[in-house]
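Trainee: Take a look at the following structure, please.
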Amino acid sequence: MTTRRALLAGAAGAAGAAGAAGLGLTSATRAAAAPGGRGGGPDSGTAGWERLPDLPPNRTDWAEEIPVGEAYWRQLGLAGPVAGAHGDHLIVAGGANFPEPGRTAGRDPVLGKVYWNDAFVLRRSGETYTWLDLPLTLPDAVAYAACLSTPRGVLVIGGEGFRGGPNGGARATLEKFADVYLLRFDPVAEALVREDLPSLPRPLSYGAAAMVGTTAYVAEGESFYALDLADPDSGWRTLPTWPGGPRTVAVAASDGRRFHLISGRTQQPDGSWTLYADAYSFDPGDGKWARLADLPRCVMAGIGVGDRRGITVYAGDGDVERWDVIQEHAAAGNADVVAWLQDHHTGFDTDVLRYDLRAGRWSAVDRFPGASQVTTPAVEWDNALIIASGEVRPGVRTPVIWRVRR
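Residue numbers for the sequence shown, in mature numbering (1 follows the signal peptide of the UniProt record, and there is no 0): -20 to -1, 1 to 386.
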């Protein structure tokens, strides 16, 4: 059965008034697509880009190694945030980053990758967007959940992190979650409301999810599951998997009739990685998979959206050559070389790829106006895509939020 519970609301009185006032009333900043992009036509999948107000800094001061609240403290950005839109509110919560000072000759980081439970709400009023000044949190620190924006709230599927609040992977045992719930912002109570749904058949993170009709589909590893939100108490169904290999950090999208699974990667028994540039389509009507044309490159960890004409994939990591070099040195035990390659990563692919369902082919249609962002959910908010924070190179996040008109 589904259950509902309220999460931490804004404090009464002065804090409530601050919530109404917000953290900074800012209209969207428009940015033209980078040179080489096409964009603008109905089949291009992209149009203008608008930069929304950056994600506010995390508030929870829980570890002395992190300078939360200091004058120089800023939002570093979050990989794998819980992100989605409901009504006039964008929710961005949880996520992971590396907030400690970097390793020096006299100091090693002690927390490792940090998982947060702070939650932020961006209110839309016409063309103005405001971050609400409310001390909101999730009950657990969670990142890398599959997230879908639905009429009932933000559907959160799985993820990984720590129960009870923020922590670091270097000092605590990371847990994968099977939790599934809807997350909404109640503007009257100034609180987040969580509605628990049936748990997944197994814990998972880095899942790829999309909606077809009232049914949510999620793929990860060797598993493919479905939950009908019109009848959630019937639970998750286990469905036949795609004809390709197992994978994680794949991209998913829906064209309204079919679920599409694109790219991803998998680790082999010998520790090496296989990066995929294949794509598949699942038809709920007959329960069968079909293979689509291969992509021009791997787009793992990219952002996918669809419509009745095609599928659009933003960014992704397609640098197979770098991965091969890293694998070679990792196998040889050259940890310093691997660290150097990661530290000097130049960023992910900036192009936007479009799959034309009728023509059956991929083409480049646009480019990010700045550094491309990966490992963040596709947030469909009315007729726009929201790209909220994410990762711009290994270990480096960004607080930037884009609105892309579709």
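Note that CB positions come from ideal geometry on N, CA and C, so glycine has one too. No experiment lies behind these values; they were computed from the predicted model shown.
When you compare each of A230, A315, P181 and G49 to A190 by their alpha carbons, which one comes out closest?
Mentor: Against the sequence shown, residue 190 aligns to sequence position 210. Ranking the options by Cα distance to A190, first place goes to A230.
Trainee: Only counting runs of 3 or more residues, tell me where the beta strand (DSSP E) segments fall wholly within the region 224 to 308, in order along the chain.
Mentor: Taking only runs of at least 3 residues, the beta strand (DSSP E) segments lying wholly in the region 224 to 308 are 231 to 234, 239 to 247, 253 to 263, 268 to 271, 283 to 287 and 290 to 294.
Trainee: So does the region 305 to 325 actually touch the region 272 to 283, counting three or more Cβ pairs closer than 8 Å?
Mentor: Flag = no, the region 305 to 325 and the region 272 to 283 do not touch.
Trainee: Would you say Q55 touches the ligand COA, meaning its beta carbon is less than 6 Å from a heavy atom?
Mentor: This structure lacks the ligand COA; in fact it carries no ligand of any kind.
Trainee: Can you grab the Cα-Cα spacing for the pair S343 / G286, in whole Å?
Mentor: Translated into positions along the sequence shown, residue 343 becomes position 363. Translated into positions along the sequence shown, residue 286 becomes position 306. In a straight line, the C-alpha of S343 is about 15 Å away from that of G286.
Trainee: Which partner residues of L162 appear in the DSSP bridge assignment?
Mentor: Reading the sequence shown from its first residue, position 182 is the one you call residue 162. In the DSSP output, where bridge partners are listed per residue, L162 has L135 and E175.
Trainee: Work out the CA separation of R151 and R334 for me, nearest whole Å.
Mentor: The residue given as residue 334 occupies position 354 in the sequence shown. The residue given as residue 151 occupies position 171 in the sequence shown. The straight-line gap from Cα to Cα measures roughly 42 Å.
Trainee: Considering only the alpha carbon of each residue, which of D68, T356 and V380 lies closest to C127?
Mentor: Stepping through the sequence shown from its first residue, residue 127 is reached at position 147. Of the candidates D68, T356 and V380, the one whose C-alpha sits nearest the C-alpha of C127 is T356.
Trainee: Do V359 and G64 have their beta-carbon atoms positioned less than 7 Å apart in this structure?
Mentor: Working through the sequence shown from its first residue, we reach residue 64 at position 84. Working through the sequence shown from its first residue, we reach residue 359 at position 379. Yes. Within cutoff.
Trainee: Give me the Cα-Cα distance between G225 and T246, rounded to the nearest whole angstrom.
Mentor: Within the sequence shown, the letter at position 245 stands for residue 225. Within the sequence shown, the letter at position 266 stands for residue 246. Taking the straight line from one Cα to the other gives about 8 Å.
Trainee: Decide if A(-4) is buried, meaning its Cβ has at least 16 other Cβ atoms within 10 Å, or exposed.
Mentor: Numbered from its first residue, the sequence shown carries residue -4 at position 17. At A(-4) the pLDDT is 35, less than 50, meaning the model places this residue with poor confidence; the figure from the coordinates comes in the next sentence. Exposed, by the Cβ-count rule.
Trainee: At which residues does the beta strand (DSSP E) containing W320 begin and terminate?
Mentor: As a first step, residue 320 must be located in the sequence shown, where it is residue number 340. No beta strand (DSSP E) contains W320, which is instead part of the alpha helix (DSSP H) from A315 to D323.
Trainee: Name the DSSP beta bridge partners of S185, please?
Mentor: Within the sequence shown, numbered from 1, the residue matching residue 185 stands at position 205. BP columns for S185 are empty, so no partner.
Trainee: Can you name the residues that DSSP bridges to A126?
Mentor: For the purposes of this step, residue 126 is taken as the residue at position 146 of the sequence shown. Answer is I137, bridged to A126.
Trainee: What distance in whole Å lies between the Cβ atoms of V300 and F328, which are believed to be in contact at a cut-off of 8 Å?
Mentor: Residue mapping note: residue 328 aligns to position 348 of the sequence shown, counting from 1. Residue mapping note: residue 300 aligns to position 320 of the sequence shown, counting from 1. Not quite, the Cβ-Cβ distance comes to about 13 Å (not below 8 Å), so this is no contact.
Trainee: Between L58, D211, A99 and A281, which has its C-alpha nearest G193's C-alpha?
Mentor: By one-based count along the sequence shown, residue 193 stands at place 213. It is D211.
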